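Numbering (our numbering), first residue to last: 61 to 419.
Everything below concerns the one structure shown next.
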């Protein structure tokens, strides 16, 4: 305990007495003035229980202050740790930013270099494109000029080829006409020498002319003209020879034909080539006055069948087409009649030819 002349504030202590008194903050600030005397006088007047209560309160406040101080120290220590950690992080980030800044600078330098190279490549590409386009345009111009020259030359060659082909065709046609004239002359001489074989001469001459004319497919029209012309020229002596009998000229077989054991088929007119028989018959044989007949002889030993049918019938083999049917051993065909041997004893019958011109 201090003397009664001074005021003290109880504080907690680790001494053996348990309680010590420290100078009051108010007393220290006022330098021991009249107020301290009043407090001292009031403390003296306080009872011991009140002092204990006051001491208890002071101890509680001191404990609380110590606790607050410890908490404040812990908070400050944690904040200091956080500040150190933050400083380290800031240092690390600063280093990273510096490295990134260096990388950014390097990238900007590389970007500028790449951009410069790209610009140079673009300029070169544009120049190459212009040169290539100009070259293509020049080549196209040359190609069009060459095409025009080629087309002109082709047209000239085609025209020249056409003229030469036409000249050759005319020469070939003239040669064929000359050959047909020679054949006609030969046929006339042969028919004059052997009138009975005039049909064979005509048939052979026409076949030779047709064979020669069909050797070239390009002159088919001219070949037809040659055949018709040759046929007309050959018909002149033939018509003169058979002028006395148009029936003989329009018969299905040549006058004097003998039918015996061999089969025979003939179609009018007998002397005309197969493909032109109908046309020649309509031109020379007056189809209004006579029918174009077809004769068929079965042949063989014994009795044979003789059939004469209409060669232009719509339904071949029908009753309307049949003109004559006769069984005979032998037969001889003339221009106007048929002499048939109908028995082994030699009995003969004369039958009027169905192809005779009607009166």
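Where a beta carbon is used, it is the ideal one built from N, C-alpha and C, also for glycine.
For clarity, every value in this text was computed on a predicted model and none was experimentally measured.
- Nearest in C-alpha terms to residue 331, of all of 182, 165, 319 and 312, is 312.
- Rounded to whole angstroms, the gap between the alpha carbons of residue 320 and residue 365 is 11 Å.
- In this model, residue 220 and residue 230 are separated by some 15 Å (Cα to Cα).
- In the structure shown, the three-state DSSP call for residue 131 is helix.
- In this structure, residue 369 lies near residue 382, with their beta-carbon atoms less than 9 Å apart.
- Under the Cβ criterion (8 Å, minimum of three pairs), the region 399-416 counts as touching the region 343-359.
- Residue environment: residue 314 is assigned as buried (16 or more neighbouring CB atoms within 10 Å of its CB, all protein chains considered).
- In the DSSP annotation of this structure, the continuous segment of the beta strand (DSSP E) that includes residue 364 starts and ends at 364-370.
- Sorting 310, 174, 160 and 411 by C-alpha distance to the C-alpha of residue 344 places 310 at the top.
- For residue 340, the enclosing alpha helix (DSSP H) starts and ends at 337-344.
- Assigned with DSSP and collapsed to three states, residue 323 falls in coil, not helix or strand.
- Taken atom to atom, the span from the alpha-carbon of residue 233 to that of residue 390 is near 47 Å.
- At least 9 Å separates the beta-carbon of residue 371 from that of residue 336.
- Of the other Cβ atoms in all chains shown, fewer than 16 fall within 10 Å of the Cβ of residue 128; this residue is therefore exposed.
- DSSP, reduced to helix, strand and coil, places residue 361 outside both helices and strands of the structure shown, so it counts as coil.
- Nearest C-alpha to residue 323 among 307, 359 and 348: 359.
- Looking at the backbone, the Cα of residue 316 and that of residue 356 are separated by about 16 Å.
- Shown here, residue 314 sits in coil according to DSSP, grouped into three states, outside any helix or strand.
- A straight-line Cα-Cα distance of about 18 Å links residue 165 and residue 153.
- DSSP lists 364 as the bridge partner or partners of residue 388.
- Of 328, 363 and 361, the smallest CA-CA separation from residue 346 is found for 328.
- Selection 118, 361 and 265 evaluated against residue 333 yields 265 as nearest (Cα-Cα).
- For residue 363 against residue 400, the beta-carbon gap comes to about 11 Å, at or over 8 Å, which does not count as contact.
- When the alpha-carbon of residue 306 is set against those of 209, 157, 207 and 395, the nearest one is in 395.
- For residue 409, the beta-bridge partners assigned by DSSP are 400.
- Counting along the chain, residue 306 sits inside the alpha helix (DSSP H) bounded by residues 306-309.
- As a beta-bridge residue in DSSP terms, residue 354 pairs with 327 and 369.
- Annotated as proximal: residue 247 and residue 261, with beta-carbon spacing under 9 Å.
- Contact between residue 411 and residue 384 holds: CB atoms are separated by about 7 Å, below the 8 Å threshold.
- Distance between residue 117 and residue 123, taken at the CA atoms: about 10 Å.
- Residue environment: residue 393 is assigned as buried (16 or more neighbouring CB atoms within 10 Å of its CB, all protein chains considered).
- Excluding the 5 residues flanking it on each side, residue 250 has same chain C-beta neighbours closer than 7 Å at 261, in chain order.
- For the pair residue 179 and residue 195, the Cα-to-Cα distance works out to about 24 Å.
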